[in-house]
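In our numbering, the protein residues as written are 28 to 377.
Set out below in structure tokens:
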């Protein structure tokens with residue numbers, strides 16, 4: 028019976044994807060073979076992909092979508108390749124996303140959605156020139172493609188081309204006044220320029236349209252902190268954390284806010300969680316160590332300073348903080364040596 032075959036397929040995919048060092052391409056090959064052998068319909072496979080997506084089982088969704096692309100033809104193949112590429116991007120599997128997008132562009136080099144998505148993967152991979160090429164191709168084909176205008180604006184802002192970025196965001200908002208990404212991106216740009224009132228308008232507009240938008244909440248919280256409004260900033264950090272609890276940035280900035288206002292237990296919780304999510308964040312180790320040292324937790328502070336220095340032996344803030352800690356502990360010779368190292372690294376950086 029078809030239902031038994033589907034159950035067997037689902038069980039195998041979940042089991043294989045969950046395995047350590049899972050090779051997703053091998054799982055995809057199994058899905059292709061099994062589906063062909065049991066004559067599973069397009070509708071069944073597409074439904075499985077959709078169910079996995081709704082359950083946030085994105086690795087499983089990627090496997091099924093990519094297998095569908097090999098089994099289907101024409102528009103259905105293109106659509107499932109696009110779905111596989113977007114899912115791979117969501118998972119941070121940039122090389123797989125590139126593979127899927129390039130495969131579509133071989134057959135349909137003027138697919139604007141794919142050009143935009145491919146540009147965004149390249150931008151995340153820091154291949155900025157290649158990303159610009161994709162965005163510009165998309166805009167040559169359709170100057171009114173709002174998603175490309177927003178994504179290109181974001182890249183141009185990162186490249187410090189703020190006038191060009193502003194033009195992209197302005198064009199996007201002329202075409203779609205309710206585009207959350209454009210409002211958020213424009214708010215970031217204006218905030219950087221010190222145009223606080225205008226930036227606040229765009230953040231609040233984005234949040235009117237999508238109250239749970241993570242980046243807008245996070246950025247608006249930072250702006251409110253700078254304006255000296257910590258209670259309002261806290262509200263937006265909390266919304267960002269509820270919407271995306273696995274994002275280390277809101278945890279880190281919220282920890283800083285709590286530490287600054289003396290809420291030590293809460294600050295420790297969020298520093299620890301930020302470091303769990305991103306254990307290679309030198310600045311976070313250093314700041315957490317400073318907080319621990321400030322409240323007498325010297326042993327824990329020393330552990331954090333040492334972790335930071337393992338990651339970056341020349342990190343000036345860590346060296347200086349660690350030397351201060353050693354001095355407080357009465358280890359004057361060790362402190363002097365660390366101070367000396369800090370100065371050497373500082374001079375070599377000039």
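The beta-carbon is built from N, C-alpha and C at its ideal position, and this holds for glycine as well.
Just so you know, these numbers come straight off a predicted model, no measurement behind them.
Closest Cα partner of residue i within the set the options
i: residue 313; options: 285, 292, 352 and 288; result: 352
i: residue 86; options: 207, 110, 102 and 60; result: 110
i: residue 80; options: 64, 107 and 141; result: 107
i: residue 350; options: 366, 147 and 343; result: 366
i: residue 362; options: 346, 257 and 137; result: 346
i: residue 279; options: 327, 344, 311 and 162; result: 311
i: residue 174; options: 153, 154 and 197; result: 197
i: residue 93; options: 42, 115 and 132; result: 115
i: residue 206; options: 217, 172 and 339; result: 172
i: residue 88; options: 105, 284, 113 and 252; result: 113
i: residue 268; options: 202, 281, 256 and 200; result: 281
i: residue 219; options: 360, 188 and 264; result: 188
i: residue 130; options: 101, 78 and 118; result: 101
i: residue 90; options: 66, 105, 67 and 123; result: 123
i: residue 78; options: 52, 41 and 97; result: 41
i: residue 265; options: 283, 248, 134 and 48; result: 248
i: residue 238; options: 322, 316, 262 and 125; result: 262
i: residue 183; options: 153, 49, 45 and 203; result: 153
i: residue 325; options: 307, 358 and 309; result: 358
i: residue 31; options: 288, 67 and 49; result: 67
i: residue 336; options: 309, 190, 323 and 364; result: 309
i: residue 334; options: 322, 323 and 315; result: 315
i: residue 52; options: 105, 127, 82 and 83; result: 127
Contacting residues, own chain, Cβ-Cβ under 8 Å from residue i (five flanking each side not counted)
i: residue 271; result: 241 and 277
i: residue 211; result: 229, 230, 233, 240, 242, 243 and 246
i: residue 143; result: 161, 162, 165, 172, 174, 175 and 178
i: residue 320; result: 328, 348, 351, 352 and 355
i: residue 62; result: 36, 72, 94 and 98
Cβ neighbours of residue i in the same chain (closer than 7 Å, five flanking residues each side left out)
i: residue 343; result: 369, 372 and 373
i: residue 69; result: 99 and 103
i: residue 28; result: For residue 28, the predicted model reports a pLDDT of 49, less than 50, meaning its position is unreliable and no value from the coordinates is stated.
i: residue 285; result: 293, 294 and 297
i: residue 186; result: 155
i: residue 121; result: 148, 151 and 152
i: residue 307; result: 338
i: residue 117; result: 85
i: residue 273; result: 304
Rounded Cβ spacing between residue i and residue j (contact assumed at less than 8 Å)
i: residue 132; j: residue 141; result: 6 Å
i: residue 43; j: residue 54; result: 5 Å
i: residue 298; j: residue 318; result: 7 Å
i: residue 195; j: residue 180; result: 3 Å
i: residue 216; j: residue 192; result: 6 Å
i: residue 57; j: residue 39; result: 7 Å
Same chain, Cβ closer than 6 Å to residue i, neighbours up to 5 away in sequence not counted
i: residue 23; result: For the chain, the structure presents residues 28 to 377; residue 23 sits outside this window and is missing.
i: residue 275; result: 301, 304 and 305
i: residue 169; result: 139
i: residue 199; result: 173, 176, 177, 206 and 209
i: residue 136; result: none
i: residue 146; result: 158, 161 and 162
i: residue 76; result: 88, 91 and 92
i: residue 202; result: 171 and 173
i: residue 380; result: In the structure displayed, the chain extends from 28 to 377; residue 380 sits before or after that span and is not available.
i: residue 125; result: 148
Cutoff 9 Å: residue i Cβ touching any chain D Cβ
i: residue 112; result: Of the chains in the structure shown, none is chain D; there is only one protein chain.
Check: What are the uninterrupted segments assigned as alpha helix (DSSP H) that are 4 or more residues long and contained completely in the segment 328–373, given in chain order?
Finding: Within the segment 328–373, the alpha helix (DSSP H) runs of at least 4 residues that lie entirely inside it are, in chain order, 343–355.
Next item on the list: Return the chain-ordered ranges of every alpha helix (DSSP H) run that is complete within the segment 292–334 and spans a minimum of 4 residues.
Entry: With a minimum length of 4 residues, the continuous alpha helix (DSSP H) runs that stay inside the segment 292–334 are 309–321.
Margin query: Give the list of continuous alpha helix (DSSP H) stretches no shorter than 4 residues that lie fully inside the segment 109–167.
Written below: Complete alpha helix (DSSP H) runs here, min 4: 121–134 and 139–151.
Notebook entry, point to check: In chain order, which continuous runs of the alpha helix (DSSP H) of length 4 or greater are located wholly inside the segment 185–243?
Noted result: Taken in chain order, the complete alpha helix (DSSP H) segments of 4 residues or longer contained in the segment 185–243 are 189–202, 207–220 and 223–236.
Margin query: Report the start-end ranges of each alpha helix (DSSP H) in the segment 237–276 that is 4 residues or longer and not cut off at the edges.
Written below: Whole alpha helix (DSSP H) segments, 4+ residues: 241–253 and 257–270.
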